[in-house]
Structure formats: C-alpha cells, structure tokens
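The next block holds one structure in the form of structure tokens; read it before the comments.
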Amino acid sequence: MNILVLNAGSSSQKCCLYQLPHDAPWPEKPIPPLWSGCGDWGHYDDHAELTVQSYPEGADEAGVSLAWNINDPSPTHVIEALLATLWTGPAAVITSVDEIDCVGHRVVHGGPTYTRPERLTPTVKQEITAAIPFAPLHNPANLNGIGVMEELLGPTVPQVAVFDTAFHRQMPPVAKIYPLPYALFEQGIQRYGFHGISHAHVSHQASLILNRDLHDLALITCHLGNGCSLAAVKQGRCVDTTMGFTPTAGLMMGTRCGDLDPGILVYLARQGYSPEELDQLINRQSGLVGVSGISSDLREILAAVATGNSQAQLAYDLYIYHLQAKISSLIPALGRLDALVFTAGVGENSPQVRRDVCHGLAWLGLDLNEALNSQHPRDQDIAMTHSHIRVLVIHTQEDWAIAQACWENLTRT
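In the numbering used here, the protein residues as written are 33 to 445.
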C-alpha cells in the first residue's frame with residue numbers, strides 16, 4: 033500500500049510516501065517515509081528551491097538526495113516537479129503514478145463542521161472552501177494540492193482530508209465559546225485551536241511510552257516551534273487549548289503576540305492602523321522578534337542572551353513566563369496532570385527551554401532529570417523516578433498521523 037501525504041503551507045510544500053503491507057496491522061511505532069520532498073518558494077521572488085530524499089530498492093543506507101531550483105515558483109508547478117521524482121530519475125521508488133493507493137492532505141481549517149478525517153467529496157471540498165475566510169493563506173493551498181492530485185490520479189483514487197482543527201472540535205462549550213454575543217458564535221466565531229494533528233499524535237505516543245491507556249491519562253502537550261500551542265488532553269480528548277479563532281492566540285511565539293488585551297487593537301485602530309497593518313503587527317512583528325529586535329529564532333535569541341543582550345533576555349523570560357502560566361491555567365480542565373509532553377522544533381531540541389519551564393512548575397511535584405534532559409532525548413521520559421509528573425520529549429510526526437488516517441479510511445471500506 034503506497035500512501036502519499038501532502039502537507040501544504042502558504043509558502044512551501046512538503047510531500048512524503050509511505051509504503052506499507054496491505055495485509056498487516058498498522059505499525060505501533062512510526063516508520064520513516066520511503067520518499068520525501070520539499071519545495072520552498074517563500075524566501076524567493078522568482079524561483080523555488082526543491083529537495084528530495086528517497087530510498088529506492090538497492091540504494092545504500094544514505095539513499096538518494098536531490099536538490100535543484102525551478103524558475104516557476106507556483107504551488108502547482110512545485111508539486112508536479114516534486115512528484116515527478118517519485119516515478120522517474122534516480123530517486124524513483126515506484127514505476128508510475130498508478131501505484132499510489134491513497135493521498136492524505138493536511139487541511140489547516142475544517143471550520144465548525146469536521147471532527148475527524150474525511151474522504152474528499154465535492155461536499156467536503158465545498159466546506160474547505162467555505163472555511164477559507166478562517167485560514168486565507170492555508171486552505172487555498174490545501175485545495176490546490178487536492179486539485180493537482182485529482183488531475184494526476186483521476187476520481188477513483190481516494191483522497192482524505194485530515195484537519196488541523198478536528199482534534200479540538202471535541203472541546204466542551206465552556207472552552208470554545210467566547211464571551212461575546214451568542215449570535216457571533218452561531219456565525220462561526222469560536223475557539224478552533226490548531227496543531228491538532230500533532231497534539232493527537234504525541235498524546236497517543238505518550239500512552240505507549242508510559243505503557244498506560246490513553247483514556248486513563250491527563251496530559252498537557254506542548255507544541256513549541258515558530259508557532260506554539262498547548263493542549264489539555266483528558267481521556268484521549270482535547271478539553272482545552274491555547275490557540276483560538278486564529279493561530280495568533282495563546283502563547284508568545286516567534287513572530288505572533290499570543291493573547292493580549294483586545295482593547296489594544298481598538299486603540300491602535302483609532303490611531304490610524306489599518307486592518308492589514310494590525311494583522312502584520314500581531315502575526316509578523318511581535319513575539320520573540322518584536323520584543324528582542326533580533327530574531328524569531330529562539331536559537332539566535334539564546335545566543336544573544338549568552339552575550340549579555342538585555343532585550344534578548346527579556347524576550348526569553350517572557351517566552352518562559354507565558355509557557356509556565358498557560359500550562360498552569362490548563363490544569364483545572366484536567367483535574368490532575370500525569371505528564372507534560374514537549375514536541376516540535378523547540379520542544380524537542382531545546383534542553384534549556386524544557387529545564388526552565390519545568391523548574392517553574394516544581395510546585396506541582398515535577399522533578400526533571402537534568403542529565404537525561406541534556407542528552408538530546410527523543411521519545412522518552414526525562415523526569416526523575418520520584419517525580420509526581422512525568423516529562424516526555426516526543427518527536428511529532430504529523431505526516432505519519434495523516435498516513436494513518438488514510439490507512440484507516442482504506443481498511444474500513
């Protein structure tokens with residue numbers, strides 16, 4: 033069974049192919065893709081950079097790596113150029129496009145409708161289109177990828193939409209309804225949450241690492257990258273999260289402000305800021321880069337902290353403070369906390385962030401194993417044995433979770 037996954041961003045396209053036996057159960061642990069590709073046009077005006085890594089039959093452990101530029105940076109052309117290497121040239125792992133059994137798409141916003149992955153139909157595509165105002169940069173890119181695959185594969189090969197918002201649709205009304213006039217909720221203004229594919233995946237992996245039933249666990253999962261969000265997961269269901277109507281809400285992030293007094297935006301609007309300028313302010317010019325004046329990359333912030341840069345230190349202190357505060361605020365929704373899970377670029381790769389966050393939560397009975405924390409842990413528990421709360425570092429694999437949704441869809445039918 034060949035499952036192709038498309039993960040489209042506003043300025044990049046990631047793809048990968050998983051090859052699984054038809055008659056075997058779904059693997060308990062993730063396996064690496066047989067082929068993966070990435071196209072990036074966000075940093076360039078007139079071209080896109082493409083990279084491919086594959087492991088064709090007969091290749092050595094290093095596999096085959098390709099890197100090249102194309103002059104047409106349109107998303108459609110990038111997808112077509114990447115996918116061509118699947119069945120032609122030195123990186124080929126299948127003989128033709130006809131060998132693809134199913135395609136899974138990460139769709140950022142499912143609107144108020146979808147609570148689980150869905151087989152793509154005209155109705156589902158209409159709902160994704162209707163959610164474009166909620167995700168104007170991402171949903172059109174998702175629809176473009178769906179269209180490209182329909183042209184390549186025809187109508188008979190199943191395609192599955194896996195929604196980043198779906199995991200959070202289970203939240204109770206008290207967690208998703210804003211204290212605004214109820215008519216606005218009925219118009220779709222509510223807390224949707226994002227990074228749901230990642231939060232769901234690492235929650236499941238946490239239950240395997242702890243050897244406990246997911247339905248008996250109370251978790252807080254921390255997806256920390258350039259974008260950051262937390263999820264409170266109780267009995268396998270998301271009961272609260274930090275992102276809201278948009279991904280701007282919640283934690284301080286690389287370029288996003290996170291939660292702030294909405295009166296600030298009213299004040300700035302009265303000072304002459306346009307909606308576009310406000311959007312740039314809160315999504316592109318705030319967070320780590322806004323406070324530090326240096327960078328949105330936490331590694332560069334920490335390097336500046338090491339030289340004594342006080343603005344960088346302030347930015348880092350704010351980042352940690354907001355993390356500790358938001359983690360603490362989610363505990364009442366859970367009733368208790370069994371484990372804290374760190375994932376994504378910062379969560380998986382910054383021992384300092386994990387250490388500083390955990391030190392501020394010691395009052396919960398959380399005791400970090402400093403030695404394990406500093407050893408680049410992956411998919412393991414790094415709390416001391418006597419700690420009342422486990423601390424896990426888990427590699428998030430959203431593409432694998434999307435492939436699993438495709439496999440489940442195929443095996444159900």
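Ideal Cβ placement from N, Cα and C applies to all residues, glycine included.
Secondary structure of residue i, DSSP reduced to three states
i: Asp411; result: coil
i: His231; result: helix
i: Gln441; result: The displayed chain sequence assigns Asn, not Gln, to residue 441. Helix.
i: Asn34; result: strand
i: Gln453; result: This structure cannot speak to residue 453, because the chain is shown only from 33 to 445.
i: Val323; result: helix
i: Ala167; result: coil
i: Val135; result: strand
i: Gly69; result: strand
i: Arg201; result: helix
i: Arg387; result: helix
i: Glu150; result: strand
i: Ala403; result: helix
i: His418; result: coil
i: Asn315; result: helix
i: Ala435; result: helix
i: Val373; result: strand
i: Asn243; result: coil
Residue interval of the beta strand (DSSP E) (run including residue i)
i: Leu49; result: 44-51
i: Lys266; result: 260-266
i: Ala99; result: 96-102
i: Glu81; result: 80-86
i: Val475; result: Here the chain comprises residues numbered 33 to 445, so residue 475 is not present and cannot be evaluated.
i: Asp272; result: 269-273
i: Ala301; result: From DSSP, Ala301 is part of no beta strand (DSSP E) but of the alpha helix (DSSP H) over 294-302.
i: Ala376; result: Unbroken run through Ala376 is the alpha helix (DSSP H), 376-381; no beta strand (DSSP E).
i: Thr253; result: 250-256
Selection from the options that minimises the alpha carbon distance to residue i
i: Asn243; options: Tyr210, Gln412, Ala124, Gly257; result: Gln412
i: His137; options: Ile35, Gly268, Gln407, Val96; result: Ile35
i: Ala250; options: Pro107, Val271, Val321; result: Val271
i: Asp431; options: His231, Ser261, Ala99; result: His231
i: Val96; options: Thr117, Asp104, Glu183; result: Thr117
i: Val234; options: Ala40, Trp439, Arg444, Ile426; result: Ile426
i: Cys390; options: Leu240, Ala371, Tyr299; result: Ala371
i: Pro204; options: Val265, Ala193, Ile241, Gly392; result: Val265
i: Gly379; options: Met181, Asn174, Gly257, Leu114; result: Gly257
i: Gln85; options: Asp291, Glu112, Val125, Ala56; result: Val125
i: Ile102; options: Leu82, Glu93, Trp119, Cys70; result: Leu82
i: Val180; options: Glu332, Leu115, Phe374; result: Leu115
i: Gln492; options: Gln267, Ile178, Cys260; result: With the chain represented from 33 up to 445, any question about residue 492 goes unanswered, as that position is not in the structure.
Buried/exposed call for residue i, threshold 16 Cβ in 10 Å
i: His418; result: exposed
i: Tyr210; result: exposed
i: Ile359; result: buried
i: Glu159; result: buried
i: Ser42; result: exposed
i: Ile296; result: exposed
i: Gly143; result: buried
i: Pro409; result: buried
i: Tyr87; result: buried
i: Gly276; result: buried
i: Tyr351; result: buried
i: Arg223; result: buried
i: Ser361; result: exposed
i: Tyr348; result: buried
i: Gly397; result: exposed
i: His79; result: exposed
i: Val206; result: exposed
i: His255; result: buried
i: Gln429; result: buried
i: Gly71; result: buried
i: Lys61; result: exposed
Any non-hydrogen atom of the ligand NAP closer than 6 Å to residue i Cβ
i: Ile421; result: Among the ligands in the structure shown, none appear at all, so the ligand NAP cannot be discussed.
Boundaries of the alpha helix (DSSP H) in which residue i is found, first to last residue
i: Thr117; result: 107-119
i: Thr155; result: 154-162
i: Ala336; result: 330-338
i: Phe217; result: 214-218
i: Leu480; result: With the chain represented from 33 up to 445, any question about residue 480 goes unanswered, as that position is not in the structure.
Closer than 7 Å to chain B by CB, residue i
i: Ala167; result: Although the question refers to chain B, the structure presented lacks it and comprises just one protein chain.
Three-pair Cβ contact test at 8 Å for the segment 63-74 versus the segment 44-52: yes
Could you tell me whether the segment 192-211 touches the segment 140-153, using the rule of 3 or more Cβ pairs below 8 Å? Put simply, the segment 192-211 touches the segment 140-153. At least three CB pairs are less than 8 Å apart.
Three or more C-beta pairs below 8 Å linking the segment 344-351 and the segment 298-306: no
Touching by the beta-carbon criterion (3+ pairs, under 8 Å), the segment 277-297 and the segment 313-332: With the cut-off at 8 Å, the segment 277-297 and the segment 313-332 touch.
At least 3 beta-carbon pairs within less than 8 Å: the segment 171-187 vs the segment 125-137: Yes, the segment 171-187 is in contact with the segment 125-137.
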